[in-house]
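Each residue of the sequence shown is one higher than the one before, starting from 16 at the first, in this note's numbering. All residues carry an ideal CB built from backbone N, CA and C; glycine is no exception. Given the structure is predicted, the values throughout are model-derived calculations rather than measurements. Report on the following structure.
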Amino acid sequence: GNWWEQANSTNCTTKKLLTAMEGYIAVDFEPLSAKQVKGISGRKGVEPSKYHGFAYDGIWVIAKTLTRVMDLLQHKERQDMYHNFTVDDREVGRLVLD
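Here is the structure:
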């Protein structure tokens, strides 16, 4: 199962939770770590990149792009409501780059 199915302390069904979570992106501020552990990038938290301040703006760009793509796909789905509607990775990739 998924974590939200076990951690669910509400009367919401899994379907309702999935509907509420659709398109949700969460970010949280994490201060630079004093630990000497290397992260995914291979760098330690005490070695900040000169670009780390741009991460917040980058997340916003990604979120706005995905929101726009979801809106375009929902519009297309309404136009194609009498056809089988599927989206392949190429179409989503094209919409993201557009």
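Quick check on the DSSP output: the alpha helix (DSSP H) that includes residue i runs from which residue to which?
i, result
"T25", "Premise fails: T25 is in no alpha helix (DSSP H) and is neither H nor E."
"A49", "No alpha helix (DSSP H) contains A49, which DSSP labels as neither H nor E."
"K8", "Limits of the chain in this structure are 16 at one end and 113 at the other, which puts residue 8 out of reach."
Under 7 Å Cβ to Cβ from residue i, same chain only, skipping five residues before and after it: list those, please.
i, result
"M85", "G38"
"A78", "I40"
With a threshold of 8 Å between beta-carbons, can residue i be considered close to chain C, or not?
i, result
"L88", "The chain inventory of the structure shown lacks chain C, comprising one protein chain alone."
Short of 6 Å in beta carbon distance, which residues of its chain neighbour residue i, apart from the five on each side in sequence? Order them along the chain.
i, result
"K53", "K59"
"L110", "V84 and L87"
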